[in-house]
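Q: Heads up: the sequence shown begins at 1 in full-length UniProt numbering, then just goes up one per residue. Quick one: the structure is below, and I'll ask about it shortly.
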Amino acid sequence: MGDTDHVREIERVLSGSETGRDSVVAESWRRCVDSYGLDPARRESAHIVTDAQLRHHREQSERLIATARSGLQALFRQVAGQRYVVMLADAKGVCVDYFGDPQFEDDLRAAGLYLGSDWSEDLAGTCAVGSCIVAGHAVTIHQSDHFGLAHTPLSCTAAPIYDSTGALTAVLDISLLRSPGPKPSQNLAMSLVQAAARRVEMANLMATTRRDWVLRFSTSPDFLEVDPDAAVALDGGGRIVGLTRGASEALGADRPVIGERLDTVFDLSLDDLPDLMRGRPTEERLVHLRDGRRMFGHAIAPNTPRAPVRRSAARPGGAFAGLSGGDPALDLTLERAERLAGGGIPLLITGETGTGKERLARAIHVAGPPGRSFVPLRAAGLSARRLAETIAAAEGPATVFLRGIADLSDEAQAALLAVLDSRDDLRTIVSSRGDHAGRVRADLLYRLAAATLALPALRLRRDVDWLIDRLARRIGGEVRLSPAARAELAGRDWPGNIRELQGALATAVALSEGPVIDLPDLPAPATGTPVAPHEPDLETVLEACGWNMARAARRLGVNRSTIMRRVRRAGLVPPC
Ligand SMILES: Nc1ncnc2c1ncn2[C@@H]1O[C@H](COP(=O)(O)OP(=O)(O)OP(=O)(O)O)[C@@H](O)[C@H]1O
Numbered sequence: 001m002g003d004t005d006h007v008r009e010i011e012r013v014l015s016g017s018e019t020g021r022d023s024v025v026a027e028s029w030r031r032c033v034d035s036y037g038l039d040p041a042r043r044e045s046a047h048i049v050t051d052a053q054l055r056h057h058r059e060q061s062e063r064l065i066a067t068a069r070s071g072l073q074a075l076f077r078q079v080a081g082q083r084y085v086v087m088l089a090d091a092k093g094v095c096v097d098y099f100g101d102p103q104f105e106d107d108l109r110a111a112g113l114y115l116g117s118d119w120s121e122d123l124a125g126t127c128a129v130g131s132c133i134v135a136g137h138a139v140t141i142h143q144s145d146h147f148g149l150a151h152t153p154l155s156c157t158a159a160p161i162y163d164s165t166g167a168l169t170a171v172l173d174i175s176l177l178r179s180p181g182p183k184p185s186q187n188l189a190m191s192l193v194q195a196a197a198r199r200v201e202m203a204n205l206m207a208t209t210r211r212d213w214v215l216r217f218s219t220s221p222d223f224l225e226v227d228p229d230a231a232v233a234l235d236g237g238g239r240i241v242g243l244t245r246g247a248s249e250a251l252g253a254d255r256p257v258i259g260e261r262l263d264t265v266f267d268l269s270l271d272d273l274p275d276l277m278r279g280r281p282t283e284e285r286l287v288h289l290r291d292g293r294r295m296f297g298h299a300i301a302p303n304t305p306r307a308p309v310r311r312s313a314a315r316p317g318g319a320f321a322g323l324s325g326g327d328p329a330l331d332l333t334l335e336r337a338e339r340l341a342g343g344g345i346p347l348l349i350t351g352e353t354g355t356g357k358e359r360l361a362r363a364i365h366v367a368g369p370p371g372r373s374f375v376p377l378r379a380a381g382l383s384a385r386r387l388a389e390t391i392a393a394a395e396g397p398a399t400v401f402l403r404g405i406a407d408l409s410d411e412a413q414a415a416l417l418a419v420l421d422s423r424d425d426l427r428t429i430v431s432s433r434g435d436h437a438g439r440v441r442a443d444l445l446y447r448l449a450a451a452t453l454a455l456p457a458l459r460l461r462r463d464v465d466w467l468i469d470r471l472a473r474r475i476g477g478e479v480r481l482s483p484a485a486r487a488e489l490a491g492r493d494w495p496g497n498i499r500e501l502q503g504a505l506a507t508a509v510a511l512s513e514g515p516v517i518d519l520p521d522l523p524a525p526a527t528g529t530p531v532a533p534h535e536p537d538l539e540t541v542l543e544a545c546g547w548n549m550a551r552a553a554r555r556l557g558v559n560r561s562t563i564m565r566r567v568r569r570a571g572l573v574p575p576c
């Protein structure tokens, strides 16, 4: 369809003619003109937010990004080789996470199928992400369905992701730069993206309601335990405190169900849930809804606060075993790293400062072919000459690890390209804090980043307890942490990630008098970290408890000997 035909069709639809467009598209076209004042004849390219804005959007969605990541990766694997891009946009329409083929990165970026592109409908016109946000349901916006002329080659399918309170929180999109087929060719894409969004909602509900009972249910017993249709979370009184979109559609088409008691919706109470746990065949776990429908239920008991992390199915082993205590997103990255270690594929490792990028690079080197030397280089301040000389000094096969690729000077970039052209016995692994875009020449980046491994920030990891114990043991041998100290560490934001945690534990070990690290032994958080809730002053608590040590210990959530130790250390004396 030519540009003029496209504009004419929009005008015809706006004047009430029926042209065969879906009603979702026609309504969006109408909004574009009537509400947003967009001009169909203007060719506007993709809108990309600034780096600072993107950082802000990502910070706002970081928990969701962490929860959704494995779902995005799985979806990308399903469509790998078919040139689809997988994007996660926040509720404002800005792409905050992305999986695409680096080969086509320039084209994808130009088309707006990239991190930081803003697909809100009032800016980009009719498009899958923006129209999905307005419509609240999954949509395919295929080629000339797009309002803007610049986007008409694209074919995009998006599904909303709702949070556990029922609010739209993100959009999952898979897009093609060019689609050869007609719109129904995207039906499979629609099923995949809806299923992936459902799984992300489920993961999100499970992550945010760990202390609650969860009842998951499906119309069929077949995939009940691995991929249920819907779920509700319940508080100790049996009230629904969270749910997936599937649950709100199944249970409350005509009314909100948050806050309702389980037994007003199902013929079930909290006491019946243990019978629906794993261990009984799924086909026997029938549950009845009050309206007469039957489903199959799977109940999950609340996690106790100190329950050990359940390791995900992908268990990294060998050189990678010490890098994760069961964080699901990290385990997926490590599983990928393990598979990539054997070949000579150049790798880019991304992650915030101190997340363990060099550590992972060394593990990949160790797991790779034997007989290679490891050549670590720091990009900042590295001259072209030193780069060439250091690599030349490594005779024979080597793994070159280049830390902080964004800091490599133009001359050193050219030198590195020349080295890579002249030697075929080198494997490169480079690291970046995510700031390399636009700072590394494209031809070099393609050579260095055949595959990317992303390390999660410490604040997003679910195995922080494990890491604290591991580092504390390494630094202080037999030391232990008091519950209060552990809770404080687990609650911090750690902008310096593992490096900062390591430093804090080293200080605490040096300050602690015995084998137990207690709250006063911990250094203050680094600037910029939100301070953990303030613990009441010990003397005030003791006075409030009439200097009864056991009562004060209960109030502060520590044991009696901890209170006695703190009293001694603070030089407090009970009143006569
Ligand atoms: N899994 C781990 N267990 C114990 N210590 C770790 C682990 N991962 C990283 N560390 C320690 O954390 C510190 C930072 O790790 P590393 O240097 O690998 O981070 P990085 O991401 O490469 O940092 P930068 O962004 O500054 O280049 C190091 O002292 C490292 O030994």
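For every residue, glycine included, the Cβ atom is placed at its ideal position computed from N, Cα and C. Note that the structure is predicted; figures quoted are calculated from it, not measured.
Quick check on DSSP: helix, strand or coil for residue 160?
A: Note: residue 160 maps to strand in three-state DSSP.
Q: Below 8 Å on the Cβ atoms is my contact criterion, and I expect residue 205 with residue 231 to pass it. Report the Cβ-Cβ distance as a whole number of Å.
A: Yes, they are in contact, since the Cβ atoms of residue 205 and residue 231 sit about 6 Å apart, within 8 Å.
Q: Report yes if the C-beta distance between residue 258 and residue 166 is below 8 Å; otherwise report no.
A: Result yes, Cβ atoms of residue 258 and residue 166 sit closer than 8 Å.
Q: So does residue 399 have its beta carbon nearer than 7 Å to some heavy atom of ligand 1?
A: It does not: the Cβ of residue 399 is nowhere closer than 7 Å to a heavy atom of ligand 1.
Q: Can you give me the Cβ contacts of residue 406 inside the same chain, cut-off strictly under 6 Å, excluding the 5 residues immediately before and after it?
A: Answer for residue 406: 432, 435, 436 and 439, listed in chain order.
Q: Whose CA, out of 514, 498 and 183, lies closest to the CA of residue 480?
A: Cα-wise, what sits closest to residue 480 is 514.
Q: Using C-beta distances below 7 Å, list every residue in its chain close to residue 306, excluding the 5 sequence neighbours before and after it, in chain order.
A: At residue 306 the pLDDT is 39, less than 50, meaning the model places this residue with poor confidence and gives no usable figure here.
Q: Using a threshold of 8 Å, state whether the C-beta atoms of residue 518 and residue 565 are closer than that.
A: Against a cut-off of 8 Å, the Cβ pair of residue 565 and residue 518 comes out as a contact.
Q: Only counting runs of 4 or more residues, tell me where the alpha helix (DSSP H) segments fall wholly within the segment 223-293, in order along the chain.
A: As far as the segment 223-293 is concerned, its whole alpha helix (DSSP H) runs of at least 4 residues are 245-251 and 262-265.
Q: Say yes only if the C-beta of residue 322 is nearer than 7 Å to one or more non-hydrogen atoms of ligand 1, and no if none qualify.
A: Yes, Cβ of residue 322 sits closer than 7 Å to a heavy atom of ligand 1.
Q: According to DSSP, is residue 11 part of a helix, a strand, or is it coil?
A: Residue 11: helix per DSSP, three-state reduction.
Q: Compute every distance between the C-beta of residue 471 and the non-hydrogen atoms of ligand 1, then say whether any falls below 7 Å.
A: Yes, since a heavy atom of ligand 1 falls inside the 7 Å radius drawn around the Cβ of residue 471.
Q: Considering only residues of the same chain and omitting the five flanking positions on each side of residue 555, which have a CB-CB separation below 7 Å?
A: Only 541 and 545 meet the Cβ criterion.
Q: Closest by CA to residue 4, which one among 35, 42 and 22?
A: Of the candidates 35, 42 and 22, the one whose C-alpha sits nearest the C-alpha of residue 4 is 42.
Q: Is residue 219 helix, strand or coil by DSSP?
A: Reduced to three states, the DSSP call for residue 219 is coil.
Q: Starting from the Cα of residue 300, find the closest Cα among 293, 337 and 234 and give me that residue.
A: Among 293, 337 and 234, the Cα nearest to that of residue 300 belongs to 234.
Q: On a CA-only basis, which of 241, 244, 423 and 31 is nearest residue 122? Give me that one, please.
A: Out of 241, 244, 423 and 31, 31 has the C-alpha closest to the C-alpha of residue 122.
Q: Does DSSP put residue 376 in a helix, in a strand, or in coil?
A: Strand, per DSSP.
Q: With a threshold of 7 Å on Cβ separation, who are the neighbours of residue 90 within its own chain once the five nearest residues in sequence on each side are excluded?
A: For residue 90, where only same-chain residues beyond five positions count, the Cβ hits under 7 Å are 57, 60, 61, 96 and 170.
Q: Entirely within the segment 99-128 and at least 4 residues each: give me those alpha helix (DSSP H) ranges in chain order.
A: Counting only runs of 4 or more, we get 105-111 and 121-124.
Q: Ignoring anything shorter than 3 residues, give me the beta strand (DSSP E) runs that lie fully in the segment 156-209, in order along the chain.
A: The segment 156-209 contains these whole beta strand (DSSP E) runs: 168-176.
Q: Give every residue of the same chain whose Cβ lies closer than 8 Å to the Cβ of residue 228, excluding the five residues on either side of it in the sequence, and list them in chain order.
A: Excluding residues within five positions, the ones whose Cβ falls inside 8 Å are 202, 216, 217, 218 and 298.
Q: Since I believe residue 489 is in contact with residue 538 (beta carbons under 8 Å), could you give me their beta-carbon distance rounded to a whole number of angstroms?
A: Between residue 489 and residue 538 the Cβ distance is about 19 Å, and since that is not below 8 Å, they are no contact.
Q: Look at residue 597 and residue 375 and say whether their C-beta atoms are less than 8 Å apart.
A: This structure leaves residue 597 out entirely; the chain is present only between 1 and 576.
Q: Leaving out the 5 sequence neighbours to the left and right, which residues in its chain are closer than 6 Å to residue 318 when beta-carbon positions are compared?
A: Cβ within range, chain order: 367.
Q: Have a look at the DSSP bridge pairing and note the partners of residue 349.
A: Its beta-bridge partners are 431 and 453.
Q: Are the CB atoms of residue 151 and residue 132 nearer to each other than 8 Å?
A: In this structure, residue 132 does not lie closer than 8 Å to residue 151 by Cβ.
Q: Only counting the same chain, and skipping five residues up and downstream in sequence, which positions put a Cβ closer than 8 Å to that of residue 486?
A: Closer than 8 Å at the Cβ level, and outside the excluded window around residue 486, lie 465 and 468.
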